[in-house]
Amino acid sequence: MERPFPTVAVVGLGTMGAGVAVAVARSGRRVIGVEAGPTQAVRALARIEASTARAVARERLTAEERTALLALIEVGDDLAAAAQADLVIEEVPEDLELKRGLFAELDRICPPETVLATGTTALSVTRIAAATARPERVLGVHFFNPVHSMKLVEVVRTVLTSPQAAEQVAELARDLGKEPVAAGDRAGFIANGLLFAYLNQAAAMFESRYATREDIDAAMRLGCGLPMGPLALLDLIGVDTARTVLEAMYEQSKDRLHAPAPILGQLVAAGLLGRKSGRGFYTYEAPGSSTPVAEEAVAAEARPAGREVRSVGVCGSGTMATGIVEVFAKAGLPVLLAARSQEKAERAKAQLAKSLERSVAKGRLTEQARDAALALVTPTGGYQDLADVDLVVEAVAEDLAVKRELFTALDRIVKPGAVLATTTSSLPVISCATATSRPQDVIGMHFFNPAPAMKLVEVVSTVLTAEDVTATVLELCAKVRKHPVECGDRAGFIVNALLFPYLNDAVRMLAEHYATVDDIDTAMKLGCGYPMGPFELLDVVGLDVSLTIEKVLHQEFREPGLAAAPLLEHLVAAGCLGRKTGRGFRDHARR
Ligand SMILES: NC(=O)c1ccc[n+]([C@@H]2O[C@H](COP(=O)([O-])OP(=O)(O)OC[C@H]3O[C@@H](n4cnc5c(N)ncnc54)[C@H](O)[C@@H]3O)[C@@H](O)[C@H]2O)c1
């Protein structure tokens, strides 16, 4: 294809517009920048000069490249100059009437073949296009902030946009070194559509005091590898902006999960908009600062001391059990590895030895440390050997009857005062507790897979868990170098309750033919910095496991928006369970 759009006008040179102007000029195109007035134009040019000077200082750009690109950018305040452009990109503030007025004027000024693109995040591209007499040449081009480093561009087509116009804009995006994905006109498009619903649930979770803001944020960073926790991200985006995007999403979807959490409205009303105003979910050193100030942890001081843990037992012989044994043994704790038979226990220990061996090979563990850890692990085929340990973690099959039977046995065997923990991810901890005569000593310790590598442990206290038992587990986590977060005994705890509805939304988005598997995965990785896209993650976790968790969440909260997407049920019914069966959302066998 011929290089599209040799001359591009950018209207509005604020945060986004200035970044877009520089990116376009870097590709060797002429840029006509238009601002609201002469003062704004001078300021905009100064901003562009300063940002490109920073890029030179950081060696993202050479001095010659900077000179060349600045020579391609002219900035003025006369919209008529846009008539010389082949493409106009609008980046004025997020206000429908402002944008519609601007498009009506551009439509009058520009020749009929000029393509007009809006940079809107949440407004209807269709309504903006309707202000012109050329809706087939109007589309959305949604860059991400900061433009120079974010690779994603969503190219948004309305029902009237011509495929050629969309393809030319996608080609331009590729020419700027970006990765374009195709999206239809709906609030939030792909990336924000999936992101903001999740941020909203995190805000609601905080508002209900289910967990602290620090714990919610740490859980999502450490449990899912996200670059930022949701509440810190809301502060960065701006609580007001987030609320506006959610309002627009709710307006279209009427999904209660998109209705802005009341706390967002309260923060906005109080002027607590996030980093930009110095306070939002967190308080910052100053407006615009990214450094939160620590607030006093009152609750932690009031907590009683934990019980002493000198030896532990782990029940089970699978992946999680073996991983948890490794965590304890590496931290210097004697561990009884209790399985249903001596043979299973020995095999699990052999697995552990292999895992430690791999760490040695990778230079992450010394041979002495490996030997010391192995020497601390005693495999046993009988739970009766657990009589004297101070704490037991069970990691047997995710089946309530099996777990309850085990807890009843542990209650008979293990000495009084010992802590009994379950690592269940979807069953109620209280149902394990009530299988014993000492529910106050029972707690959830939800490790993540692979346990030796994942830093997070969700510490789940039931309504009956004694405070010193919670304290014991928190202290133990610190000792074995895990990051504990505290939460109550409800479906999904923190991580799964926030993660799986998002994965389910992605499946629904796919089923509605709004975007493809690849485009959705790309949008979340490049637009939000996620380590994996939702479909990659679903295929790794297993579609059957995901479906079970989604059903548990829906059963607990009865929120219509949490009902598992029918497409997920169909794939599970068809035996497409993800990587483990060779096929899930993608066909792994053919790759
Ligand atoms: N900031 C983000 O993170 C982000 C990310 C993606 C998309 N967006 C979208 O990009 C668009 C621009 O947002 P922004 O953050 O750059 O806003 P901004 O407030 O930083 O910049 C807007 C600029 O437009 C100028 N302007 C206002 N009226 C004008 C007019 N009539 N003619 C010419 N210029 C005019 C203003 O002087 C200002 O410089 C919005 O639609 C926003 O939703 C923002």
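Residue 1 is where the sequence shown starts when you use our numbering, and the numbers rise one by one after that. The C-beta atom is built at its ideal place from N, Cα and C for all residues, glycine as well.
According to DSSP, which residues form a beta bridge with residue i?
i    : result
H446 : E458
L87  : V8, V115
F143 : V153
T380 : A338
G274 : R279
E486 : V459
I73  : V31
V138 : L116
A499 : For clarity, residue 499 is Leu in the given sequence; the question names Ala instead. DSSP, once it has assigned bridges, lists no residue as partnering L499.
E110 : The displayed chain sequence assigns Cys, not Glu, to residue 110. Partner(s): none; C110 has no beta bridge.
E606 : Outside the displayed range of the chain (1 to 591) lies residue 606, so it cannot be described from this structure.
D587 : R583
Y284 : P292
E179 : L152
G578 : R583
L184 : Strictly speaking, residue 184 in this sequence is Gly, with Leu absent from that position. Paired residues: R157.
Between the alpha carbons of residue i and residue j, how many angstroms are there, rounded?
i    : j    : result
R307 : G223 : 27 angstroms
R275 : T291 : 9 angstroms
K349 : S317 : 8 angstroms
T462 : R490 : 9 angstroms
A466 : H513 : 50 angstroms
A294 : D235 : 16 angstroms
T581 : E251 : 40 angstroms
A286 : L70  : 33 angstroms
A418 : L391 : 5 angstroms
G444 : T424 : 7 angstroms
G363 : A387 : 37 angstroms
L199 : S51  : 30 angstroms
A41  : P227 : 35 angstroms
E405 : A435 : 7 angstroms
M532 : P501 : 16 angstroms
D505 : K344 : 40 angstroms
G225 : P112 : 48 angstroms
T7   : A170 : 16 angstroms
R43  : A21  : 14 angstroms
R583 : T120 : 37 angstroms
V414 : V314 : 12 angstroms
A565 : V469 : 39 angstroms
T67  : A191 : 34 angstroms
Please go through the same chain and pick out, in chain order, the residues whose beta-carbon is closer than 7 angstroms to the beta-carbon of residue i, but skip the five residues on each side of it.
i    : result
F196 : G188, A242, V245, L246, M249
R279 : L272
V92  : V11, G12, L98, K99, L102
A202 : I216, P230, L231, L498
S149 : none
Y210 : C487, G488
D544 : V572, L577
G575 : T581
K455 : L222, K482, H483
R579 : D539, V540, H588
Excluding the 5 residues flanking residue i on each side, which residues of the same chain have their C-beta closer than 8 angstroms to its C-beta?
i    : result
N145 : T15, M16, G19
A9   : V31, I32, G33, V34, A81, A82, Q84, A85, L87, V88, I89
V268 : V239, D240, R243
To which residues of the same chain is residue i closer than 6 angstroms at the C-beta, ignoring the five residues directly before and after it?
i    : result
G492 : L553
T472 : G306, R307, V419
A421 : V393, I443, M445
K178 : K151, V153
A23  : V147, L176
E536 : D521
K403 : C432
D185 : V125, T126, V156, T158
P4   : Q168, E171, L172
F407 : C432, A435, T436
D255 : G561
When the cut-off is 8 angstroms and only beta carbons count, does residue i lie next to chain D?
i  : result
P6 : Looking at the structure shown, chain D is missing, and only one protein chain is on hand.
What do you reckon, is the C-beta of residue i under 7 angstroms from a heavy atom of ligand 2?
i   : result
M16 : Ligands present in the displayed structure are limited to ligand 1, and ligand 2 is not among them.
* Any chance the region 495-503 sits against the region 550-558, with 3 or more Cβ pairs inside 8 angstroms? -> yes
* To do: Answer yes if the region 370-379 comes into contact with the region 331-341, meaning at least three C-beta pairs across the two stretches below 8 angstroms, and no otherwise.
  => yes
* To do: Examine the Cβ distances between the region 354-371 and the region 520-533 and report whether three or more of them are shorter than 8 angstroms.
  => no
* Asked: Should the region 131-145 be called in touch with the region 100-120, which here means at least 3 C-beta pairs below 8 angstroms?
  -> yes
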